[in-house]
Every structure is written in C-alpha cells, then in structure tokens.
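Notes to accompany the following structure.
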Amino acid sequence: MDNEYLQRFTDALVSEIKAEMGRRDLSSRGLGRLIGKSSQYMSDRLDGGNPKTGKRTVLSVPDLFAIADALGVDANDLTDRATAAAEGAPDNIVRGRFGTNVGAPAEDDLDAVARPTDPEPTDEQ
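And the structure:
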C-alpha cells in the first residue's frame, strides 16, 4: 500500500467515526470518557492532531475497537466504509446507516416517485 492510500483511508476512517459521533450527538471529549481516554488523546486522533507536530496520531486497533464498541457499531463496518471511501467508491453508491451499500435508484424509479399516481383532488372529493 502506498502512503497516499493510507492517508485517504485514515481520513475516511476518522470521518466515519465522526459521522457516527454526530448521529449520537457525542463530542470527542464525551467519546474519550466512554473509552477511558483524555480529551487530548481523542483530539490527537480525531481532530486537528497534535498541536506541536500538526499531525494526527493514527488510531490503533485497540482504539478502533473501543471506539466502535462505545458507538454501538461494528469495527468492520467502519473500516469497510472507510475502505470504500479511500478507494473512491462510485458516485452512485449511497452508504446506509450501517454501511450497507445501496445502488442509486434507476431513472424510471425517480420518475415514478416524482409523478403521483393518484389523480389531483377535485371539488367533489
């Protein structure tokens, strides 16, 4: 693996974790409390990174599993979503809440949704 891919994967993994945090209205500090880590520890991994170096610390495997457990998601789902993002998943893929990939609706499906099948109401109805 090249360094560029690893950076994309790391960024995507952090994005997936932050998305799950957002769904739960959970801050980095709150997540840190759940897994027994300081707010600085979490910031170094999820936010802007270490203020001295300006680089984010890469998540360890134990960190990933602790975070996933605290968020109530499977670590494999997080890494699968990050992998898809890092590999440049096609634009027509919509990621579901639990990482399920669902193809984009066909044009006919969109037309069916856009056109109501019920007639317009009249004064008699």
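Using the numbering used here, the first residue of the sequence shown is number 10, and each one after it goes up by one. From the three backbone atoms N, C-alpha and C, an ideal C-beta is built for every residue, glycine too.
DSSP-derived helix/strand/coil call for residue i
i   : result
E96 : coil
Exposure label - residue i; buried when at least 16 CB within 10 Å
i   : result
E13 : exposed
G41 : buried
S37 : buried
E96 : exposed
V67 : exposed
L22 : buried
L15 : exposed
D53 : buried
Beta carbon proximity, residue i to chain D, threshold 7 Å
i   : result
D34 : No chain D is part of this structure, which consists of one protein chain only.
Integer-rounded CB distance, given that residue j should sit under 8 Å from residue i
i   : j   : result
D83 : A77 : 6 Å
R33 : L80 : 7 Å
I44 : A75 : 4 Å
- Query: Fully enclosed by the region 15-94, which beta strand (DSSP E) runs are 3 residues long or longer?
  - Reply: none
- Query: Touching or not, the region 80-94 and the region 56-68, by the rule of three or more beta carbon pairs under 8 Å?
  - Reply: no
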